[in-house]
Amino acid sequence: MNLLRKILFPFAVLYGFITSIRNFLFDKGILKSTSFDLPVIAVGNLSVGGTGKTPQIEYLIRLLSNQYKVATLSRGYKRKSEGFILANSTSNAEILGDEPFQFYQKFPNIQVAVDANRTNGIVQLLLQKSKPEIILLDDAYQHRKVKAGFYILLTAFDDLYADDFILPTGNLRESRSGARRANIVIVTKCPKNLSDVKQEEIRLKLKLNCSQQLYFTFIEYDDAIYNIEDKIAVTEIKSESKVLLAGIAKPKPFFDFLKTENDECLIFPDHHHFSETDLNEIQNKAQGKKIITTEKDYVRLKEVRMISKLYYLPIKSTFVNHQQNFDATILNYVKS
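Anchor point for the sequence shown: position 270 equals 280 in the numbering used here, and the numbering is continuous, going up by one each time.
Listed below in structure tokens is the structure:
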């Protein structure tokens with residue numbers, strides 16, 4: 011914790027008080043929450059960014075979309091549009107935001123919508139000719155004007171909410187007690203071989219109640235990089251000199267997976283909109299080398315201008331153990 015964050019501690023106390031009052035008013039029904047007559051699953055976190063919401067939403071899409079009509083609803087962070095938008099063939103990352111556009115491109119059999127007003131967004135989805143049977147709310151844990159039927163809370167292995175504090179001293183959007191609203195807590199970005207002893211240690215630290223389930227996941231990288239025309243095995247390019255580019259909250263694992271001593275790493279802010287100057291800088295750094303980026307950055311970069319030799323590395327969320335239990339819990343909720 012740096013000095014400035016310590017100095018801002020009184021503001022963190024005030025912010026925590028305000029968010030606690032807000033949650034109390036929603037809990038008591040004084041502030042209105044709207045429920046809907048279909049399964050609504052909210053995925054989110056207590057902290058600011060970097061917990062792996064996108065791969066977790068994608069996991070749920072894969073689990074559910076073969077059996078049900080699924081829609082995702084996101085705010086569309088940093089999009090250059092307003093109001094409710096349902097993705098279609100004219101959509102791009104600037105209109106939808108990078109993560110919803112990624113969902114739209116990867117999963118053509120689902121509906122993808124954005125609206126900062128999640129209540130209105132759900133209403134608009136239900137007015138569509140082909141209504142969804144399940145709605146996945148992306149980054150909506152604090153959006154309490156909608157009362158979801160099921161809440162999944164994510165917390166990163168190396169940045170547990172139990173070890174954090176409220177903004178601006180820490181990175182929490184609300185107090186740790188907000189975790190009580192979750193049906194399931196998932197510790198993301200774990201080591202692949204996380205031991206049972208360490209899992210139990212984390213379980214005790216998080217202090218979940220007896221009705222809450224706890225799972226552990228890790229980020230699994232694809233064994234190939236891709237672009238519109240090509241697919242190359244990671245083993246083929248690992249020792250090759252290349253440029254690695256990331257505009258995500260926590261890029262270190264991405265770099266660590268691909269980097270060798272001859273590679274150059276370019277870091278941009280999360281959800282960064284790449285300018286012409288940025289693109290020229292990237293091309294100049296590459297000098298004909300392959301440029302490998304994250305899937306989220308790729309959907310933005312290929313929209314503004316196709317950069318030569320640009321590839322992306324897909325990731326997915328994989329359970330350390332008890333995946334079948336998680337799947338069964340979600341499917342049972344939907345069926346009920």
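All residues carry an ideal CB built from backbone N, CA and C; glycine is no exception.
Can you tell me the Cα-Cα spacing of residue i and residue j, whole angstroms?
| i | j | result |
| --- | --- | --- |
| Leu135 | Phe111 | 17 Å |
| Ile247 | Ala172 | 39 Å |
| Thr29 | Leu73 | 34 Å |
| Glu230 | Ile40 | 43 Å |
| Leu35 | Lys42 | 9 Å |
| Ser187 | Ser346 | 28 Å |
| Arg213 | Gln222 | 11 Å |
| Tyr308 | Lys38 | 44 Å |
| Ser101 | Asp280 | 21 Å |
| Leu204 | Gln66 | 19 Å |
| Arg128 | Phe46 | 12 Å |
| Phe113 | Thr64 | 9 Å |
| Leu106 | Gly131 | 13 Å |
| Val133 | Ser75 | 20 Å |
| Gly48 | Phe160 | The residue you asked about is not Gly; residue 48 is Leu in the sequence shown. Answer to the nearest angstrom: the Cα atoms are 11 Å apart. |
| Asn294 | Ile242 | 23 Å |
| Gln121 | Ala150 | 18 Å |
| Ser91 | Leu216 | 38 Å |
| Ala259 | Asn342 | 33 Å |
| Pro201 | Leu224 | 16 Å |
| Arg183 | Gln297 | 42 Å |
| Leu14 | Leu56 | 22 Å |
| Phe167 | Thr227 | 9 Å |
| Leu311 | Ala189 | 36 Å |
| Cys220 | Ser185 | 20 Å |
Considering residue i, what are the terminal residues of the alpha helix (DSSP H) in which it resides?
| i | result |
| --- | --- |
| Lys269 | Element bounds for Lys269: n/a, residue is neither H nor E. |
| Cys54 | Cys is not the amino acid found at residue 54; the sequence shown has Gly there. Here Gly54 belongs to no alpha helix (DSSP H); instead the beta strand (DSSP E) covers Val50 to Asn55. |
| Tyr231 | Unbroken run through Tyr231 is the beta strand (DSSP E), Gln223 to Tyr231; no alpha helix (DSSP H). |
| Val244 | Val244 to Ile247 |
| Lys326 | Looking at the DSSP string, Lys326 is not in any alpha helix (DSSP H); the run it does join, the beta strand (DSSP E), is Ile325 to Phe329. |
| Tyr421 | With the chain represented from 11 up to 346, any question about residue 421 goes unanswered, as that position is not in the structure. |
| Ile212 | Asp206 to Leu216 |
| Thr339 | Gln333 to Lys345 |
Between the Cα of residue i and those of the options, spot the shortest distance and give me the residue it belongs to.
| i | options | result |
| --- | --- | --- |
| Ile196 | Lys38, Asn342 and Asn335 | Asn335 |
| Leu320 | Val124, Thr304 and Ile31 | Thr304 |
| Arg191 | Leu254, Gln121, Leu164 and Gly60 | Leu164 |
| Asp232 | Ile325, Gln333, Lys260 and Gly26 | Ile325 |
| Ile235 | Leu323, Lys215, Glu250 and Thr328 | Leu323 |
| Cys275 | Leu147, Ile242, Lys252 and Gln138 | Lys252 |
| Leu255 | Tyr69, Asp273 and Thr339 | Asp273 |
| Ser84 | Leu147, Asp108, Asn33 and Thr287 | Leu147 |
| Gly257 | Val124, Leu341, Val244 and Lys306 | Lys306 |
| Ile194 | Ala126, Ala338 and Asp174 | Ala338 |
| Asp169 | Val58, Thr287 and Asn331 | Val58 |
| Lys199 | Val330, Gly86, Lys139 and Ile238 | Val330 |
| Tyr87 | Leu70, Ala126, Gly60 and Pro20 | Ala126 |
| Glu68 | Gly60, Thr245, Glu109 and Arg32 | Glu109 |
| Pro261 | Gln333, Gly62 and Ile162 | Gly62 |
Just to confirm the assignment, what range does the beta strand (DSSP E) spanning residue i have?
| i | result |
| --- | --- |
| Val253 | Val253 to Ala256 |
| Tyr161 | Phe160 to Ala166 |
| Tyr25 | Not the beta strand (DSSP E): Tyr25 falls in the alpha helix (DSSP H), residues Phe19 to Asp37. |
| Ala234 | Ala234 to Tyr236 |
| Val195 | Ile194 to Thr198 |
Is the shortest distance between the beta-carbon of residue i and the beta-carbons of chain D less than 9 Å?
| i | result |
| --- | --- |
| Val124 | Among the chains in the structure shown there is no chain D, since it carries only a single protein chain. |
Next on the checklist: I'd like to know if the segment 94-110 and the segment 260-269 are in contact, where contact means that at least 3 CB-CB pairs between them fall below 8 Å.
Outcome noted: no
Checklist entry - Taking contact to mean at least 3 C-beta pairs separated by less than 8 Å, is the segment 76-88 in contact with the segment 138-158? => result yes
Item to check | Contact the segment 153-171 vs the segment 39-54: 3+ CB pairs below 8 Å | outcome: yes
Next on the checklist: Is it the case that the segment 204-219 contacts the segment 176-184, given that we only count it when at least three CB pairs across the two stretches are under 8 Å?
Outcome noted: no
Next on the checklist: Which complete alpha helix (DSSP H) runs does the segment 267-309 hold, if anything under 4 residues is left out?
Outcome noted: 286-296
Checklist entry - Considering only residues of the segment 101-134, which uninterrupted alpha helix (DSSP H) runs meet the minimum length of 4 residues and lie entirely inside it, listed in chain order? => result 103-106 and 108-116
Item to check | beta strand (DSSP E) runs contained entirely in the segment 46-96, provided each spans 3 or more residues | outcome: 50-55 and 80-84
Checklist entry - Using 8 Å as the Cβ pair cut-off and three pairs as the minimum, do the segment 103-123 and the segment 17-26 touch? => result no
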